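Single-structure report; data block below.
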Amino acid sequence: MSYFVYMPANRKHGTLYIGVTNELARRVWEHREGIGSKFTKKYRVHRLVYAEPYDEIERAIQRERTMKEWPRAWKIRTIERDNPEWDDLYDKLNG
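For the sequence shown, my numbering gives the first residue as 515, with consecutive numbering after it.
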């Protein structure tokens, strides 16, 4: 089973959220539907801009905790390293 640390945003350089899940497509869909996270619903944080896979849940959880403590600039740099335009990666999950 794979686990993911992921970051959705509401727009380029906008509000960010960091989470961990074992079903990335389902979890992003839930955010889009306003299910399961008051924060992402309130700020419309629905655009998947970054995801990192892990084989072990413990490593994914530790990475999520670490990233949540990072300065905002580090989070933005991490996103832009692989996704400079902040494209929504959601459609690529199912296709």
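Even for Gly, the Cβ is constructed at its ideal location relative to N, Cα and C.
Source: prediction; values computed, not measured.
- Annotation for residue 535: no alpha helix (DSSP H) segment contains it, though the beta strand (DSSP E) segment containing it runs 533 to 535.
- In the DSSP assignment, residue 544 falls within the alpha helix (DSSP H) that extends over 538 to 547.
- For residue 607, the uninterrupted alpha helix (DSSP H) run begins and ends at 604 to 607, by DSSP.
- When rounded, the separation of the alpha-carbon atoms in residue 518 and residue 576 is 11 angstroms.
- In this structure the stretch 567 to 576 does not lie against the stretch 588 to 603, because fewer than three pairs of beta carbons, one per stretch, are closer than 8 angstroms.
- Take residue 539, set aside five residues on each side of it, and the residues of its chain with a beta-carbon closer than 7 angstroms to its own are 607, 608, in chain order.
- Annotation for residue 515: no alpha helix (DSSP H) segment contains it, and DSSP assigns it neither H nor E.
- The beta carbon of residue 550 sits closer than 6 angstroms to those of 544, all from its chain and outside the five residues before and after it, given in chain order.
- For residue 566, the enclosing beta strand (DSSP E) begins and ends at 561 to 568.
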